Structure formats: C-alpha cells, structure tokens
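Q: Quick one: the structure is below, questions incoming.
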Amino acid sequence: MLDCLLPSGRFIKEAHWGSDLYYFFFAAGSGIVPVFGIIKSILHQNPEAKIFLFNQASSERNIIYKESLEKIAATHDNFEYILYLSAPIQEKTPVRRLNNLQVENFVNKRLFSPTERENARFYICGPTTFMRMVRFTLKLDGFEDEQIKQEQFVIQEVRQAPPLIKETSPKHVKVIAEEGIFEFQVRYPESILSAGKKAHVPLPYSCGAGQCSSCAVKCLSGQVLMTQNDILTQKDMDNGLVLTCTGHPTTDIVLDYTLKN
Ligand code: FES
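In the working numbering, each number is its position in the sequence shown, counted from 1, plus 61.
This is the structure in structure tokens:
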C-alpha cells in the first residue's frame, strides 16, 4: 500500500473558459505532452476558443502528436499550429529555432487591442532555456505573471542559502490539516518542510525546490520568508500562500491546509 498525493501544480486549465480568451502555447520536444491534453480539453469545452500553438521539435522523426495536431488544425479554423524543426532531415526543410524576436512577433501579430492582450493566456513547456526565453520575452513585452504558466519537467537542483534573519530563535508552527492539528518547532536555518519532516508531520511536497507548488499552503498568521519561489505569483502571496519547502518562519506561524489554494 502506498500513500500518494493527488495531482497538483498550476499548469492546468482555468476555471473560466470564455471565448474572449486567447490561448498561446509554446511547446518544445516532449513539452507538447501536457500542452496537447490542455488544448483538447479547451476545444472540448469551448470549440470556438482561439488557440495558437507554437511547437519546436528537432527533426521530422520526433514530432509528437503531429498527425493529431494537423487533424485538429484542419477541422478548427480557430486553432493555429506552427511547427519549427531545429535539425530537419529533409534538405528542403528550413532549420528554424524559436528566438525572442519571433515570440514577440508571433504574439503581437495575433493580439491587437489592450483588451485582447489582457485576455491572453500563455502556457510554456519544454527545456529550461526555451521556457526561460519565452517567459522573459513575454514579461518584457508587458504581460503579467498571472497570464503565464509554465511546466517544469526537470527540477533544478538549486541549493539556496537560508535567508538572513536577525532573530533566529526557534519558531512555533501550528498546522491545520484534514488529518488533524500538528505542532512543531522550526530551528534556523531549517525550512518549514524539513523541520516538519523531522517531527513526522505529514506535510505535502514534491520538488522540494520552490518550483511545483505541491507544498503551497495558506499562512493564517505570522511571517514566512522564501528563498526560492518560481511558482507563486504576487497575487498568490497577497492571498497568504507560502511554500514550506523553501519557507523560513520569522515569527510563530499558523498554516492551514484545509483552505483552498
Ligand atoms: S515542494 Fe515543490 S514548491 Fe515546494
């Protein structure tokens, strides 16, 4: 018998699927896999949705879901499928690799008004450098964090130094969860998650590196400093969400897992 977490993360469809939204997908290599599922889901719920897929593959031999995507494009005028090959086998096929200028052009040629820009949603999945390039370009182009989602297949092993905290006495943590109430102490420089694990408190987590949001929880009282956060937006943090895997309490805190993120 194995206990496991439910699926988690933020690379998911939104609750609101208005036909006023513009969905941009940037997928490279096997990054097309989660993207393909989301595209099908959108079209199932809203066949008129405006969807633009940019897909980067290396050669003709490894274009995942090519036939299915071409079929969807042939039957949906509102779905645009653009494919680049970085190392094509056929000589007549041009070598093309997405860059920041092309991302900018790709998006700005499809969004014309401020309202359309506000209604744009971006999903990025692929190698880290590809995702970083697309994300930075979109951010520089003025899009908000809330409009951009990205999926990490590979967790970056980043060992962050603990935050500089003047007052380093042990902090009390109270956890409210479906399973009951748990209490433990966090001693600097431990993170909340690592202290919880030592105290055998069943806190959820996955990447342990501030990148997936499995450990996100509402902080009802007290202050937490995070050394790494690649997933929570400013709006999430304003709503009290913190990550326990990279979070260090600077006061006593109360965390509530029974409230929806
Ligand atoms: S466990 Fe992934 S963000 Fe904390």
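Even glycine gets a Cβ: it sits at the ideal position worked out from N, Cα and C. A quick note: this is a predicted structure, and the numbers were derived from the prediction, not measured.
#1: In the stretch 161–194, which residue ranges form an unbroken beta strand (DSSP E) of at least 3 residues, counting only runs that do not cross its ends?
#2: Looking only at DSSP bridge pairs, what is M298 linked to?
#3: Express the C-alpha separation of P265 and V195 in angstroms, rounding to a whole number.
#4: Just to confirm, does G70 get its C-beta within under 6 Å of one of the non-hydrogen atoms of the ligand FES?
#5: Which of helix, strand or coil does DSSP assign to L281?
#6: Buried or exposed for R193, going by 16 or more other Cβ atoms inside 10 Å?
#7: Less than 7 Å between the C-beta atoms of V291 and Q272, yes or no?
#8: Applying the criterion that 16 or more other CB atoms from any shown protein chain within 10 Å of the CB defines a buried residue, is R182 buried or exposed?
#9: Given this structure, state the Cα-to-Cα distance separating H233 from R220, to the nearest angstrom.
#10: Should the stretch 307–316 be regarded as contacting the stretch 280–288, the criterion being three or more beta carbon pairs within less than 8 Å?
#11: Can you round the beta-carbon distance between Y145 and R157 to whole angstroms, since I take them to be within the 8 Å contact cut?
#12: I need the straight-line Cα distance from Q295 to I133, nearest angstrom please.
#13: Tell me the residue span of the alpha helix (DSSP H) that contains A256.
#14: Helix, strand or coil for L159? Go by DSSP, reduced to three states.
#15: Looking only at its own chain, which residues have a Cβ that is under 7 Å from the Cβ of C276, when we skip the five neighbours before and after it?
#16: Can you pull every residue whose C-beta falls closer than 6 Å to some heavy atom of the ligand FES, listed in chain order?
#17: Would you kindly report the start and end of the unbroken beta strand (DSSP E) that includes K210?
#18: Return the first residue and the last residue of the beta strand (DSSP E) that E131 is part of.
#19: So what does DSSP say about D206, is it helix, strand or coil?
#20: Check whether the stretch 109–121 and the stretch 202–220 touch, using three or more Cβ-Cβ pairs below 8 Å as the test.
#21: In this structure, does DSSP put P310 in helix, strand or coil?
#22: Which value, in whole angstroms, describes the spacing of the CA atoms of H137 and P149?
#23: Under a three-way DSSP split, which group does E152 fall into?
A: In this structure, then:
#1: 181–186
#2: According to DSSP, M298 bridges with nothing at all.
#3: 30 Å
#4: no
#5: L281 sits in a strand when the DSSP states are folded into three classes.
#6: exposed
#7: For the sequence presented, residue 291 should be read as Asp rather than Val. Yes.
#8: buried
#9: Going from the Cα of H233 to the Cα of R220 covers about 24 Å.
#10: yes
#11: Cβ atoms of Y145 and R157 come within 8 Å of each other, at about 4 Å.
#12: 36 Å
#13: Here the alpha helix (DSSP H) through A256 covers I253 to K259.
#14: In this structure, L159 counts as coil in the three-state DSSP scheme.
#15: L254, L264, P265, Y266, L304, T305 and C306
#16: Y266, S267, C268, G269, G271, Q272, C273, S274, S275, C276, I292, L304 and C306
#17: I209 to E212
#18: Where E131 is concerned, there is no enclosing beta strand (DSSP E), although the alpha helix (DSSP H) it sits in stretches over K127 to T136.
#19: helix
#20: no
#21: strand
#22: 27 Å
#23: coil
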